[in-house]
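For the sequence shown, our numbering begins at 78 and goes up steadily by one. Structure first, commentary second.
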Amino acid sequence: MLNVFLGYDPNETVALHVLSHSIMRHASVPVSITPIVLRQLPMTRKRDPKQSTEFSFSRFLVPWLCGYEGQAIFMDLDMLCRADIATMRGMLGAAISVVKHEYAPRPEDKFLGQKQTIYAKKNWSSVMLFDNAQCRALTPEYVNKATGLELHQFKWLEDSQVGEIDPAWNHLVDEYEPNPKAKLVHFTRGGPWFAKFRHCEYAQEWREEMNLMLHHNAYGEYSLPEKEAA
78 MLNVFLGYDP
88 NETVALHVLS
98 HSIMRHASVP
108 VSITPIVLRQ
118 LPMTRKRDPK
128 QSTEFSFSRF
138 LVPWLCGYEG
148 QAIFMDLDML
158 CRADIATMRG
168 MLGAAISVVK
178 HEYAPRPEDK
188 FLGQKQTIYA
198 KKNWSSVMLF
208 DNAQCRALTP
218 EYVNKATGLE
228 LHQFKWLEDS
238 QVGEIDPAWN
248 HLVDEYEPNP
258 KAKLVHFTRG
268 GPWFAKFRHC
278 EYAQEWREEM
288 NLMLHHNAYG
298 EYSLPEKEAA
């Protein structure tokens, strides 16, 4: 069983369900998908004005939720999976493994008027592969009191304990050049479920995935609505 945790925010529920569908549709092994819902967790810290989603800090409770046992994957909800997530398990070579992005995000606002924040290791924590036993520092008490930079820049680990995974598993739409071989697409600036980004890279593929999710019939076959199939 592969444990996958997805960030949850009520403003982007449709994105979470489409991502879940795309993960299951490509997976070659059983996958347990758990949304990280803030009100269900022992989170006591107040929301930081710089937070663009509810799960900015709660994502770091994944090892605790797993009882500090086994492996687990965390993903932001604003993504689309295009490959077998089971292949990620072989990329864990440290306490945590991530795509080590090196880029400067565009300074303009993100979705829903959220301000873009720029800091070192930006977006590293948007996809994390945990060795839960090595992440015992991430207790509810620590996650509630640590600063955003302490968490997102992995100050609770030595640099040598942060491994690297294939960049194809966190392709940043409209930040990187188009990559038709991307395995996990990340709509970090805003996805096609928002009108402003309805024509972004991979928008049509995301809509096709949504249609597959909504129009799966009882015979195990996928069918599009008549007006789209025509």
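Ideal placement from N, C-alpha and C gives every residue a C-beta, glycine not left out. Remember, predicted model here, so these are calculated numbers, not experimental data.
Residue i versus residue j: straight-line alpha-carbon distance, rounded
{"i": "Glu-282", "j": "Ser-109", "result": "24 Å"}
{"i": "Ala-163", "j": "Ala-280", "result": "24 Å"}
{"i": "Phe-264", "j": "Asn-221", "result": "27 Å"}
{"i": "Tyr-219", "j": "Arg-213", "result": "10 Å"}
{"i": "Phe-231", "j": "Ile-242", "result": "16 Å"}
{"i": "Gly-268", "j": "Asp-155", "result": "7 Å"}
{"i": "Leu-157", "j": "Arg-102", "result": "11 Å"}
{"i": "Leu-226", "j": "Met-287", "result": "34 Å"}
{"i": "Phe-83", "j": "Arg-166", "result": "The amino acid at residue 83 is misidentified as Phe; the sequence shows Leu. Cα to Cα, the separation comes out at about 17 Å."}
{"i": "Lys-123", "j": "Ser-133", "result": "12 Å"}
{"i": "Pro-100", "j": "Tyr-253", "result": "What sits at residue 100 in the sequence shown is Ile, not Pro. Each residue's Cα considered, the two are about 22 Å apart."}
{"i": "Glu-179", "j": "Gln-117", "result": "34 Å"}
Proximity below 7 Å, CB of residue i to CB of residue j
{"i": "Val-262", "j": "His-248", "result": "yes"}
{"i": "Val-52", "j": "Pro-244", "result": "Outside the displayed span of the chain (78 to 307) sits residue 52, for which this structure offers no information."}
{"i": "Leu-206", "j": "Leu-169", "result": "yes"}
{"i": "Ile-113", "j": "Ser-97", "result": "no"}
{"i": "Ala-149", "j": "Gln-238", "result": "no"}
{"i": "Ala-210", "j": "Tyr-145", "result": "yes"}
{"i": "Ala-380", "j": "Trp-246", "result": "The structure shown does not extend to residue 380, since the chain is modelled only from 78 to 307, so the question has no answer here."}
{"i": "Lys-260", "j": "Ala-104", "result": "no"}
{"i": "Glu-285", "j": "Pro-255", "result": "no"}
{"i": "Glu-120", "j": "Val-204", "result": "A quick correction: the sequence has Met, not Glu, at residue 120. Their beta carbons are not under 7 Å apart, which means Met-120 does not touch Val-204 by this criterion."}
Residues near residue i by beta carbon distance below 7 Å, same chain, minus five either side
{"i": "Trp-141", "result": "Leu-215, Thr-216, Pro-217"}
{"i": "Ala-197", "result": "Gln-230"}
{"i": "Glu-89", "result": "Leu-154, Asp-155, Trp-270"}
First and last residue of the uninterrupted alpha helix (DSSP H) at residue i
{"i": "Val-139", "result": "139-142"}
{"i": "Gly-225", "result": "225-229"}
{"i": "Leu-289", "result": "280-291"}
{"i": "Glu-235", "result": "Run containing Glu-235: none; DSSP gives neither H nor E here."}
{"i": "Asn-221", "result": "217-222"}
Same chain, Cβ closer than 8 Å to residue i, neighbours up to 5 away in sequence not counted
{"i": "Pro-107", "result": "Met-78, Leu-79"}
Own chain partners of residue i with C-beta closer than 6 Å, once the 5 adjacent residues on each side are dropped
{"i": "Glu-131", "result": "Asp-86, Leu-115"}
{"i": "Gly-240", "result": "Gly-170, Ala-171, Ser-174"}
{"i": "Ser-202", "result": "His-229"}
Beta bridge counterpart(s) of residue i as assigned by DSSP
{"i": "Ile-150", "result": "Val-81, Leu-206"}
{"i": "Val-262", "result": "Leu-157, His-248"}
{"i": "Thr-111", "result": "Phe-82"}
Residue i: first and last residue of the uninterrupted beta strand (DSSP E) it sits in
{"i": "Val-91", "result": "Looking at the DSSP string, Val-91 is not in any beta strand (DSSP E); the run it does join, the alpha helix (DSSP H), is 90-103."}
{"i": "Glu-241", "result": "239-241"}
{"i": "Lys-175", "result": "Before going on, a small fix: residue 175 reads as Val here, not Lys. Where Val-175 is concerned, the enclosing beta strand (DSSP E) stretches over 173-175."}
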